[in-house]
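When we follow the working numbering, the leftmost residue of the sequence shown carries the number 121, and every step to the right adds one.
Here a beta-carbon is modelled for each residue, glycine too, at the ideal position from N, C-alpha and C.
This one's a predicted model, so the numbers in the text were calculated from it and none came from an experiment.
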Amino acid sequence: MHTTESHNGITIRPARTADIPAIMRLMEPLVERRILLGKDMVVMYEAVQEFLVAEDEAGRVIGYGALHVLWEHLGEVRTLGVSEEFLGRGVGGRLLAALEEEARALGLSRLFCLTFEVPFFTKHGFEEMVEGDKPVIAADVYAELLRSPDEGVAEFLDLARVKPNTLGNTRLLKKLG
121 MHTTESHNGI TIRPARTADI PAIMRLMEPL VERRILLGKD MVVMYEAVQE
171 FLVAEDEAGR VIGYGALHVL WEHLGEVRTL GVSEEFLGRG VGGRLLAALE
221 EEARALGLSR LFCLTFEVPF FTKHGFEEMV EGDKPVIAAD VYAELLRSPD
271 EGVAEFLDLA RVKPNTLGNT RLLKKLG
């Protein structure tokens, strides 16, 4: 992720390893409320290159979000959150837009997310994936994705093994223009 963008004193930039403790602190209340799935710190460090952060004028991390590639044209928005102090100020929308820009730069044409925050994502063009809809991926790609140990892939495929962790979440998809 290469972009750094600043607006109204808030900067969106690629995460660094030094940001992980701050991201984990910001995630804590959302994990406690079961809005986000908890992640071990080692997993966060392993995925640091997938994250963008939002920081305020003082350099404090106030938001975060990750883009994870699932397949050739398909990615997942993961672990998107904003400090309660900054909710409603467009920080989440700016993070999501920056993640979408990164997705396009990687050649992705669709983004998936699994979320309780359906109104936020639908406001930004995501649509609910409904059983019986036209398949999002071809059968041969589905067979390949089944081989992945990644939980995000399992969530996308709606596999039963992730159900206990994701009950109540909504699977959403967005086609990038």
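_Tell me the residue span of the alpha helix (DSSP H) that contains G183._
Segment 181 to 191 is the beta strand (DSSP E) holding G183; no alpha helix (DSSP H) there.
*Excluding five sequence neighbours on each side, which residues of the same chain lie with their C-beta closer than 6 Å to the C-beta of L228?*
H193, G195
*Quick one: any contact between the stretch 149 to 157 and the stretch 173 to 182, if contact means 3 or more CB pairs under 8 Å?*
no
*Label E343 either buried or exposed according to how many other C-beta atoms from any shown protein chain fall within 10 Å of its C-beta, with 16 as the threshold for buried.*
Given that the chain is displayed from residue 121 to residue 297, the structure contains no residue 343 and the question cannot be resolved.
_Residue environment, M147, which counts as buried when at least 16 other CB atoms sit within 10 Å_ = buried
*If you draw a straight line from the C-alpha of F240 to the C-alpha of R180, how long is it?*
Cα to Cα, F240 sits roughly 24 Å from R180.
*By the 10 Å Cβ neighbour count, where 16 or more other Cβ atoms means buried, how is V282 classified, buried or exposed?*
Reliability fails at V282, whose pLDDT of 48 lies under 50, so the model's placement of it is uncertain and the value that follows must be treated cautiously. Buried, since its Cβ has 16 or more Cβ neighbours within 10 Å.
*Would a C-beta distance cut-off of 9 Å place G212 and L231 closer than the cut-off?*
Cβ atoms of G212 and L231: not closer than 9 Å.
*Name the DSSP bridge partner or partners of F232?*
E196, L293
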